[in-house]
Amino acid sequence: MDLRSGRSLSAAGGSSAACKTAELAHLLQWECTQLLELYEMKEPFILEVTLPEVHIITLPQPSSDLSVDKQLSTMCSALHQCLKLLETVMCREEEEFGIQEGGDYRKMQNTVKDRLGDLLHCMKLLTKGELPSHTEPTDGSKNGNTFALKIWIYRVLLELKHWIKCAIVILLNMQSLQETKRRVTRKRGAREMHGSEGEGGRERVWRSTGRRSAMEGKVAKGRCKAK
Amino acid sequence: MCNFLLWVLFVTLLTRKGYCQSPHYPAPKIVGLDSDSPSQSLTVSWENDLSSAVRFYDLEVLHTETNETVHSETVMVAPRTDGTVHKWKWISPTPLECTSLSVRIRSNLPQVSSEWSKPWNLTGKDVLEDGRAQMYPQDKVVPVGSNTTFCCIVPDGKKFGSIMVGRGKLPFTRISRRSYVSVRINQPASSSTGTNVFCLYQNEELADGSVVFVGYPPEPRNLICETRDLQSVECGWSLERVTHLYGTRRTFYSLNERECESANGFSATEHKCRFNMTLAPGEQNWTLTARNHLGKVELMDTADLNHRVRPRAPEVVVELLGAWNASLRWHWVVPWYGKLPLVCQVWIFSEGNPKPTPHIYVGPGLTQALLRDLWPDSKYAAQVRCATQQNFWKWGDWSSEIRFKTKEDRPDPVNVWVQMHSELDGCIVWKPLSKSQSHGQLKGYEVSWSSPGNRVQRNSVLSTGPYYVPISLEGLASDYVVTVMAWNNASDSPAISITVPSSPEDGDGALSEMVSNGGTFHLSWPPSPNSTCGYVVTWYPTSWNRTCSLDWEKLPGDNSSARIQSESFIAGERYTFSVYACTPGAPLLLEKRLGYVEEQAPTGTVTRLMADQIDSSVRLSWEPVPLEGQRGFIRGYLIYLYNVTQLQLIENITDPSIMSYTATQLSYTTYKFTVKAYTSAGAGKEATVSIKLDPFTDLLIMEILIAAGSMTVLLVLVTALCYTKREWMKKTFYPEIPEPRVPEWKPTQAFGAQTLDMTPCAHSYVHIVETRRRTSGKEELKVVLEDSEEGEQWGNGPPDMDSDGQSFLRYYNQVVGEDPGLAPSGTGSSGLSSRSTGSARTEVTYTGIQTSSTSACSSACIPAAMEAPLSAGYRPQKASIPAQAEVSDDPQLDAGTEYQPQCSWKLDSPEETSLDSSLGSPTSVNSSQFLLPEPSGEENCSPAPSTTWFRNLLSGSGKP
Chain V
61 MDLRSGRSLS AAGGSSAACK TAELAHLLQW ECTQLLELYE MKEPFILEVT
111 LPEVHIITLP QPSSDLSVDK QLSTMCSALH QCLKLLETVM CREEEEFGIQ
161 EGGDYRKMQN TVKDRLGDLL HCMKLLTKGE LPSHTEPTDG SKNGNTFALK
211 IWIYRVLLEL KHWIKCAIVI LLNMQSLQET KRRVTRKRGA REMHGSEGEG
261 GRERVWRSTG RRSAMEGKVA KGRCKAK
Chain C
72 MCNFLLWVLF VTLLTRKGYC QSPHYPAPKI VGLDSDSPSQ SLTVSWENDL
122 SSAVRFYDLE VLHTETNETV HSETVMVAPR TDGTVHKWKW ISPTPLECTS
172 LSVRIRSNLP QVSSEWSKPW NLTGKDVLED GRAQMYPQDK VVPVGSNTTF
222 CCIVPDGKKF GSIMVGRGKL PFTRISRRSY VSVRINQPAS SSTGTNVFCL
272 YQNEELADGS VVFVGYPPEP RNLICETRDL QSVECGWSLE RVTHLYGTRR
322 TFYSLNEREC ESANGFSATE HKCRFNMTLA PGEQNWTLTA RNHLGKVELM
372 DTADLNHRVR PRAPEVVVEL LGAWNASLRW HWVVPWYGKL PLVCQVWIFS
422 EGNPKPTPHI YVGPGLTQAL LRDLWPDSKY AAQVRCATQQ NFWKWGDWSS
472 EIRFKTKEDR PDPVNVWVQM HSELDGCIVW KPLSKSQSHG QLKGYEVSWS
522 SPGNRVQRNS VLSTGPYYVP ISLEGLASDY VVTVMAWNNA SDSPAISITV
572 PSSPEDGDGA LSEMVSNGGT FHLSWPPSPN STCGYVVTWY PTSWNRTCSL
622 DWEKLPGDNS SARIQSESFI AGERYTFSVY ACTPGAPLLL EKRLGYVEEQ
672 APTGTVTRLM ADQIDSSVRL SWEPVPLEGQ RGFIRGYLIY LYNVTQLQLI
722 ENITDPSIMS YTATQLSYTT YKFTVKAYTS AGAGKEATVS IKLDPFTDLL
772 IMEILIAAGS MTVLLVLVTA LCYTKREWMK KTFYPEIPEP RVPEWKPTQA
822 FGAQTLDMTP CAHSYVHIVE TRRRTSGKEE LKVVLEDSEE GEQWGNGPPD
872 MDSDGQSFLR YYNQVVGEDP GLAPSGTGSS GLSSRSTGSA RTEVTYTGIQ
922 TSSTSACSSA CIPAAMEAPL SAGYRPQKAS IPAQAEVSDD PQLDAGTEYQ
972 PQCSWKLDSP EETSLDSSLG SPTSVNSSQF LLPEPSGEEN CSPAPSTTWF
1022 RNLLSGSGKP
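In the order they appear, the protein sequences are chains V and C.
All residue numbers for the first sequence refer to my numbering, where the first residue is 61 and numbers rise by one.
All residue numbers for the second sequence refer to my numbering, where the first residue is 72 and numbers rise by one.
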């Protein structure tokens, strides 16, 4: 799937829902990068300064002890907060600066907001009952002056990009796990067909799958911490 | 000394007490210090006692930390009777937060001042309690061109770096231990999100920043208020310039102190303010107030809104009335409009005509308009807007565009004509119907022709053409009638009939000529009494007269003139125009003309250009330029003579019917003539012909022939004379020689008395060696005397060494035919002799050359002498060289072929050359012997031929 072309998810080449969701996340990541670039063009001073690394969304990083579903649920919560923050950003910018509809920056904001909503919807479908806990983010826009608001908006966009990147890692892990499960199930079915498969072999398969899941969870954690 | 000490003590006391400055007035007492950070102002309040008459006070503002005076001012106060508190307001150029300020005051009397009051402090943000980095002012709104001072307060432990705007650093000043100040001067308008000014630490890390919004105060113009429905007011205005202030700093509007919600939104782009209200009759004032952070402006409009009604857009529907008309109906959202006398404007946009056609309709409560004269099967779009007819203010809003398409109708009649190429062959031609004539989707054309009593012939043609049908009439007995009609989805067009002209058009000879005026032909002709329905003018390119390409124009009425204009006219193309009178029967041809829409120079040349010499003149003749190359009416011909380097005009023939020219008095040399045809547009291409004038050619030939004839006659006469006088000549030049007396020969005596000498005759052979000189191409004969050995081969015995070696030419009288045994067989010599037989019975034959000591032995040598030369040595003199070459293959004949006589009379040996001179001596007719003695001198035989023929003539042989 050409992520930059903006084609619909249904047209994606992936076979599983996780794959399609991952592709959607990839597309959102590219759009978020574009949005950041547009913001940097609007506020070029951002590129001249070094900002201290402070996160707006404070959620526990995905742990290897958590299952992929749990990690996914956590990621949904983070992205939900990102969506709320982005909506706040748009509202505050309109109030403060009277941002006109139709500009490139505003268009991209709307695109990212809509795509983020789609991604959240897809990810919720993948959680299988692990409903994410919605935590409303802290609105830091009204604490300071206009300059602080601009810094905060930039942080929100960086935060959004960060969590999308983490979501991609988790979704790819999930996709890999699903493919492994499907492959094992196909092999087991074939063995049962030949009557040569025992219980011990099945247990080995499950243990192997568990180890793989734990290992990929570590990878995901490591990637998210890498920011 | 004592006095001196007392004086010092007095002065010291005075100084300490301050009596020199304010001996009687105590310092004023500051009672209050108020500050306003956004406006960067501080207000000092102080009081003095009631009895004080001080009117001037000195005030000082200092940086508390450095005790540096920032501002000092002497203020004058009015005498107060109601209290003793005075106030002084000062606006600081530097934000008050930048550092702590101290204010003090003293009374200023004309000669002395009071002490400074106790300073009052205004604590800044650079105090220790607030250790974070800060920047001031924050979110300040300033006008374009103003200066703004920014300060950056860095926390302890951090090193200040710079204050920047964008990528540029501002110069800074340190005003306290933690505070640094920069001034940005003459600021330009900022963007919608303001101008960012930020402070960096020395390590480029961001300390803090602020945003300054630089813009303009509001400046609305042209406030106009009106009503759309008499129940609301709507005021609009325009903006003189953009304020560059947006969001919370945008301009807010109010109309008569009521907020304009439509104009005050975050993203409002409409500069209108509307709200419902009950309109009072009469004029009212409408005041618009615009304000932002930088100012406030008021605009006012006074009007009676009952006279300012601008109707809203109606909602329009269309109703089709047949193919040519439609009805527009609309209704008003505001029912009240139905009571107003309205004027409405309907604009019709038709397909292919984007420029709208306005139609005006007037009436009270107008709700419909009839659209007439529309075209069938055409797409239209219509819009309606209305205004009040009385107190016309403005046109209302346009309705939304409504589109419709009219129905189809039967096509218009077809414009048809018949062009006859001959009496029986012609074309039915018609003009294709345009879209406006088709009145729908044209399907095709139906063509039929017939004469009374004959069957009707039909032909269908598609709408795409071709728009002609060739016809061939079956006879001339009666008039043929042609009918053409078109049809579409709606119906057939009215059938149009035309009677075929009874006679074809004639040739183009002697037709009047005309040239268009600016692309338009003006034709006029005498009215014809036969015309009952007008005239028809047809035209076609003259060179296409056998095709069906024709255009025409029908002129109804009695108008006997026409202006013919066509986009198909081609410059330089000859057109044939025909004028017909329209009659109830066949059209009657009145006249024909030839015309050019624009004449050009000929592109062709005259044809068959020829030049003929007539004595010393040249007559040029040619034929006209072909029609395709004329490009205009030929007005004449230009005759040029090529004169080495240029063409010299020698004649301008202005009569194009003259197609010959004679150039006279020319010298006998080569001439090149050029002929150009020309039209009114200029001369065309040249045709060139060359001719060489030969002086008296025929006379010279005649002279040669006469001379040759004269010579022939003279020769014949001389020959005849000589022949007739040959006897005389013979006697004169060759007198009769007495016949020699031969002693009587007695064979018996001879055989008996004398013994035949059998000794071989001493003879000498001449061996002629042929040496070919390739260089000269001729053969040269080399005479070599044979030695004795060779002679042995030829002779039968040893050579006679005793002989004197003198050579003799031996003569033999031969009578050919009388003694065949003596005639050599198969030799050229015999041949030559035989040919001589016809002319003379007796002929001298050279059969050999030999030397003999005695005449007696000569007879004995006859066989040998006859054999050897005839077998190989002698060749006829006429024999050709190639024949010899063929023979040379025979080794036996090689020796013989080497002998080639140089001439007819060439002798075989040098000894016999002396005999050649004897050839001219008289000889006996019956003898081969020369009668004259031989000359002593040696003569070559080669020049002999000059006299040979004459000698032969006299001898009667006729052969050399």
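Even glycine gets a Cβ: it sits at the ideal position worked out from N, Cα and C.
Just so we're clear, the structure is a prediction, and the values are computed from it rather than from any experiment.
According to DSSP, residues forming a beta bridge with residue i
i      : result
C/G497 : C/M491 and C/I542
C/A561 : In the DSSP output, where bridge partners are listed per residue, C/A561 has none listed.
V/C142 : DSSP lists no partner for V/C142.
C/N267 : C/V282
C/S333 : According to DSSP, C/S333 bridges with nothing at all.
C/N363 : C/G366
C/M782 : C/M782 pairs with nothing; no bridge assigned.
C/R474 : C/A452
C/W610 : C/D622 and C/F648
Beta carbon of residue i nearer than 8 Å to that of residue j
i      : j      : result
C/V254 : C/T266 : no
C/H134 : C/L172 : yes
C/N525 : C/V540 : no
C/H342 : C/G307 : yes
C/G515 : C/W488 : no
C/T678 : C/P697 : yes
V/G162 : C/Y317 : no
C/E168 : C/G195 : yes
C/D563 : C/M556 : yes
Below-8 Å beta-carbon distance, residue i vs any chain C residue
i      : result
V/E108 : yes
V/G158 : yes
V/E155 : yes
V/P120 : no
V/E103 : yes
V/L111 : yes
V/R264 : With a pLDDT of 39 at V/R264, under the threshold of 50, the modelled position of this residue cannot be trusted; read the value that follows with caution. No - not a single Cβ of chain C is within 8 Å of the one on V/R264.
V/A78  : no
8 Å Cβ cutoff, residue i in contact with chain V
i      : result
C/E275 : yes
C/N363 : no
C/S116 : no
C/G515 : no
C/V282 : yes
C/R87  : For C/R87, the predicted model reports a pLDDT of 45, less than 50, meaning its position is unreliable; a value from the coordinates is still stated below. Chain V, which has no Cβ nearer than 8 Å to the Cβ of C/R87, makes this no.
Beta-carbon separation (whole angstroms), residue i vs residue j, contact threshold 8 Å
i      : j     : result
C/E186 : C/A98 : 4 Å
Task: Where the segment 127 to 152 of chain V meets chain C: residues whose CB sits under 8 Å from a CB there - done: So nothing in the stretch comes that close.
Task: Chain-ordered residues of the segment 162 to 181 of chain V with a beta carbon less than 7 Å from chain C - done: Across the segment 162 to 181 of chain V, no CB contact with chain C closer than 7 Å is found for any residue.
Open item on the list: Under 7 Å, CB to CB, which of the residues in the segment 306 to 339 of chain C have a partner in chain V?
Closed with: Cβ contacts with chain V: Y317, G318, T319, R321, F337 and S338.
Open item on the list: Give me the subset of the segment 242 to 275 of chain C whose CB atoms are less than 7 Å from a CB atom of chain V, sorted by chain position.
Closed with: Within the segment 242 to 275 of chain C, the qualifying residues are S263, T264, G265, N267, F269, L271 and E275.
- [ ] With 7 Å as the limit, tell me which residues of the segment 195 to 209 of chain C have their beta carbon closer than that to any beta carbon of chain V; keep them in chain order.
- [x] Listed by position, the residues of the segment 195 to 209 of chain C near chain V (Cβ gap below 7 Å) are Q209.
Task: Short-range partners of chain V found in the segment 405 to 429 of chain C, where Cβ spacing is below 7 Å - done: Those residues of the segment 405 to 429 of chain C that come within reach of chain V (Cβ to Cβ, closer than 7 Å) do not exist; the list is empty.
Open item on the list: Along the segment 149 to 173 of chain C, where does the CB come closer than 7 Å to a CB of chain V? Name the residues.
Closed with: Cβ contacts with chain V come from no residue of the segment 149 to 173 of chain C.
Task: Near-chain C residues of the segment 193 to 223 of chain V - C-beta to any C-beta below 9 Å - done: Residues passing the 9 Å Cβ filter: G204, N205, T206, F207, A208, L209, K210 and I211.
Open item on the list: To be precise: take each residue of the segment 220 to 243 of chain C, compare its Cβ to all Cβ atoms of chain V, and keep it if any distance is under 9 Å. Which residues remain?
Closed with: Within the segment 220 to 243 of chain C, M235, V236, G237 and R238 place their CB atoms closer than 9 Å to a CB of chain V, listed in sequence order.
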